[in-house]
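Residue numbers for the sequence shown follow full-length UniProt numbering, so the first one is 1 and each next one is one higher.
Below is one structure, written out as structure tokens; comments come after it.
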Amino acid sequence: MAAPPPAAAATEPHSVFVYGTLMAEEVVRVLLGRAPPSSPALLPGHRRFSLRGRVYPAILPAPGYAVSGKVFMGLTNRELHVFDMFEDEEYVKKTVEDTLEKSLTYAYIWGNEGDPDLYGEWDYEEWRKVHLKDYLEMTQEFMDEIGQF
């Protein structure tokens with residue numbers, strides 16, 4: 001794997017590849033108070049899955065697949081910490097390389113490769129139509145709970 005980005009030393013700014021609910025700038029605005037600059041991105045060697053009983057997806061390494069998403073750039077240490085808390089312990093933050101920007105960035109990879117709840121392909125547009133409103137409310141509740149840290 002390529003060397004970790006300078007962000008690994010906790011220096012700003014950071015970049016994060018997102019592929020699920022965080023592709024919705026409305027969600028990111030609730031979390032960070034802004035929508036950082038972003039660009040389309042493609043993460044090779046990974047596959048996006050739905051998770052039974054959950055409205056958010058997971059990605060896992062999978063040769064021959066690629067996950068489309070976006071990279072948020074220019075995140076502060078505080079903003080990266082908010083993403084870390086939001087993604088919770090089920091995800092592992094790893095350094096990856098997206099093929100569109102040709103840059104090293106962080107991504108949150110599902111921590112349980114053998115999870116029996118993984119299935120099929122997660123659909124972003126369907127999620128927006130069906131779950132965005134409730135997800136925004138849940139995200140605001142999350143921010144209210146963590147307050148200023």
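Positions of the beta carbon are idealized from the N, C-alpha and C atoms, including for glycine.
Small disclaimer: the values here were computed from a predicted structure and weren't measured.
| Check | Outcome |
| --- | --- |
| Whole-angstrom C-beta distance between Ser-50 and Glu-121, which should lie under 8 Å | 7 Å |
| Inter-stretch contact (C-beta, 8 Å, three-pair minimum) for the stretch 93-101 and the stretch 40-48 | yes |
| Status (buried if at least 16 other CB within 10 Å, exposed otherwise) for Lys-129 | exposed |
| Buried or exposed by the 16-neighbour rule on C-beta atoms within 10 Å, applied to Pro-37 | exposed |
| Exposure label - Arg-48; buried when at least 16 CB within 10 Å | buried |
| Chain-order list of residues whose beta-carbon lies under 6 Å from that of residue 150 (same chain, five-residue window excluded) | This structure cannot settle anything about residue 150, because the visible part of the chain is limited to 1 through 149. |
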